[in-house]
Amino acid sequence: MAMMSSVLATDTLPGDSKDDERPKWDNKFQYILSCIGFAVGLGNIWRFPYLCQTYGGGAFLVPYFVALIFEGIPLFHIELAIGQRLRKGSIGVWSTISPYLKGVGIGCFFVSFLVSLYYNTILMWVLWYFLNSFQSPLPWSFCPLNENKTGLVEECQLSNTVNYFWYRQTLNISADINESGTPQWWLAMCLVACWTIVYICIIRGIESTGKAIYFTALFPYLVLTVFLIQGLTLPGATEGLIYLFTPNMSILQNPRVWLDAATQIFFSLSLAFGGHIAYSSYNPPKNDCEKDAVTIAVVNSMTSLYASIAVFSVLGFKATNDYWACVDRNIISIINEFDFPDQSIQREDYLACFTHLNSTQSGRMARLQLKSCHLQDFLDKSASGTGLAFIIFTEAMVHMPGSPGWAVLFFGMLFSLGLSSMFGNMEGVLTPILDMQILPKSVPKELITAVTCLISCLFALCFTLQSGNYWLEIFDNYAASLNLLIFAFFEVIGVSYVYGLTRFCDDVEWMTGRRPNIYWQVTWKIISPLLLLTIFIAYIILMILKQPTYGSWDPQYDDFPIKQEKFYPGWVQVVSVMLSLLPCIWIPGIAIFQLINRRKRKGKNSWPAPDGKNSINL
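Structure (structure tokens):
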């Protein structure tokens, strides 16, 4: 270990230079907002509430906060501290700590690039829905006419209006991942628009993103507050909140709950992407990075809870609407079967009437094949990711008064959330490029940014194909998850054991004015590495035990509109493995390369002794 950290034998570090011309944040608030904007993203809105709903409501908060305290905050503190102290991006930081760890920085660079490709694709979909929200009625609230204008489109009638708009009118999705199809021009135009917006916002690095972040980071909180106030006034909101936060402590015996809690806090804070290292490198050398880490992490977690209340108040309203719609259909069937006068059965009398007829007219009631109507069943219909945003939530908004206005606010909020996260992702790409000075200094930063965005946009065109949604799921599952766990493990090991925990604590004391206490030192040296190693092993076991599948949207499928579960073909599995290995393969690759170079240099500095038997090492 001493050999690996010998490159930092001097006490002079990049941040010590008084003539440092590195760009700086306009003020501390701008930096905090940028970090919050990067950390608080779409996952806070559509992933955290889903996990709470799935894993025992309020019980999920127990493993979540355990992971936050012993994994999330300590790792976050490390990233902010090393970026601020060394004043470099991810590649420069890890190269400075040890040339053998340079692969960690390069891997973070590649992950940020891959994630930016599909993350901005989600913004492409959000932009499409945002533009379609300026219509009344909303285009996903009704089925269109068929080609002959003789009736409604059959696929829409078999599924429902929101599913049809998402799968057919937005994605025009193919029935199989092997069927690539053609690019959808409306999505391609939205993709170009999204990358253009990103370019305009990051054109001058933090000098431009620092201005845009005031809107992109604060606007979502305003919209969430408006949604929360509106949601709490909707019928059924209370049922949604009770369902969300009623704890089921027995579920904590399931190891999967702890694994998902640990991975959620890990990805929610955007750890190991390199973006936070880049952001903190623009801070003054003496800044309280410890306070920043705790503040941003707590704000991120509180945002998840705040968003969950807003989301589930609306979902409770949707479940209540679905429940009463189910009851109304059964009432109509009963009225028609028994020739009751219209409106003779009121909603509040339904259960009593249903029970009475079941006991006295069981045969006729059985023939009706009435739907089972239980509010709990509708509350149990959970979804995360695109399923929550583009299907469940859009359906809920159809029934809200002034639905187009709520749709505009909702998708405007999602776009702002995603855009501020994109700033951090792209900073993780651009800062290492600029720091390494691969290109001559005469090449302006604006041109480098433009070329990077153009290349990214061209690569991302594959997601506009009819099979694009399937590929986005593959990128989401394999491009980052395993890689980020590996990078984070090497980050904490690199700081604690290669750079040296004592030396790192000295740096933190120099920056903040106080030495890290026993909590920080124990988590950095023991708890966090063990947690990350445990999560990594559990993740690998789950990947081995479960063969990957995807849900195919196929109108010819017998059980349509249920999605058909298909196994990925062999060539797709090969691509998935490559996505998982491409970023992390740099760690052993660079280490081996550095070791070979070191041996070559030692060999050149050795001369044969006069007797030809031994060598004299110069």
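Residues 1 to 618 (full-length UniProt numbering) are what the sequence shown spells out, left to right. Ideal placement from N, C-alpha and C gives every residue a C-beta, glycine not left out.
Asked: Contacting residues, own chain, Cβ-Cβ under 6 Å from K602 (five flanking each side not counted); Found: none
Asked: Secondary structure of S456, DSSP reduced to three states; Found: helix
Asked: One or two residues paired with L145 in a DSSP bridge; Found: L152
Asked: Assigned secondary structure, R601 (DSSP; H/G/I helix, E/B strand, else coil); Found: helix
Asked: Through-space distance from Y129 to L138, alpha-carbon basis; Found: 10 Å
Asked: Three-state class that DSSP yields for K546 in the structure shown; Found: coil
Asked: Cβ neighbours of R599 in the same chain (closer than 7 Å, five flanking residues each side left out); Found: none
Asked: CB contact flag (residue 619, I106, <9 Å); Found: Coverage of the chain is limited to positions 1 through 618, which leaves residue 619 absent and any answer about it impossible.
Asked: Short Cβ contact (9 Å threshold) for Y497 with I177; Found: no
Asked: Expected contact under 8 Å - CB spacing of L417 and A39 to nearest Å; Found: Actually they are not in contact, since the Cβ atoms of L417 and A39 sit about 11 Å apart, beyond 8 Å.
Asked: Spatial distance of S372 from Y323 (CA atoms); Found: 10 Å
Asked: Anticipated Cβ contact below 8 Å, G236 with P23, distance rounded; Found: That belief does not hold up - the Cβ atoms of G236 and P23 are roughly 50 Å apart, past 8 Å.
Asked: Beta-carbon proximity of I213 to S420, cut-off 9 Å; Found: yes
Asked: Contacting residues, own chain, Cβ-Cβ under 6 Å from S304 (five flanking each side not counted); Found: N44, F48
Asked: Span separating the alpha-carbon of L228 from that of L409; Found: 12 Å
Asked: Those residues which DSSP pairs with S552 across a bridge; Found: Q564
Asked: Anticipated Cβ contact below 8 Å, L465 with S180, distance rounded; Found: 5 Å
Asked: Cβ-based neighbour list, E565, same chain, cut-off 8 Å, excluding 5 preceding and 5 following; Found: T549, Y550, G551, S552
Asked: Cα-Cα separation between G275 and I596, rounded to whole angstroms; Found: 31 Å
Asked: Inter-residue Cα distance where the pair is E21 and C289; Found: 21 Å
Asked: Span separating the alpha-carbon of P63 from that of G412; Found: 32 Å
Asked: Option in S98, T150, D260, N283 with minimal Cα separation from K28; Found: N283
Asked: Cβ distance (whole Å) where E395 is taken to contact K318 below 8 Å; Found: 6 Å
Asked: The alpha helix (DSSP H) enclosing C462, as first and last residue numbers; Found: C462 -> no alpha helix (DSSP H), and no H or E assigned at all.
Asked: Beta-carbon proximity list for W195, same chain, < 6 Å, skipping 5 on both sides; Found: C453, C457
Asked: Cβ-Cβ distance between I265 and A59 below 9 Å; Found: no
Asked: Under the three-state DSSP convention, the category V443 falls into; Found: coil
Asked: Exposed unless 16 or more other CB atoms sit within 10 angstroms - verdict on H356; Found: exposed
Asked: Beta carbon of F567 nearer than 9 Å to that of P529; Found: no
Asked: Contacts around G271, its chain only, beta-carbon distance under 6 Å, and the 5 residues preceding and following it disregarded; Found: According to the sequence displayed, residue 271 carries Leu and not Gly. Excluding sequence neighbours, L271 sits near L75, A488.
Asked: Boundaries of the alpha helix (DSSP H) in which Y199 is found, first to last residue; Found: 185–202
Asked: Selection from S280, P99, Y119, G103 that minimises the alpha carbon distance to S587; Found: Sequence inspection shows Ile at residue 587; the Ser mentioned does not correspond to that position. The candidate whose alpha carbon is nearest that of I587 is G103.
Asked: Beta carbon of W524 nearer than 9 Å to that of V492; Found: yes
Asked: Member of L127, C326, D26 whose CA lies at the smallest distance from the CA of A389; Found: L127
Asked: Neighbourhood of F463 by C-beta distance below 7 Å, restricted to the same chain and skipping five residues each side; Found: Y118, T121, W471, L472
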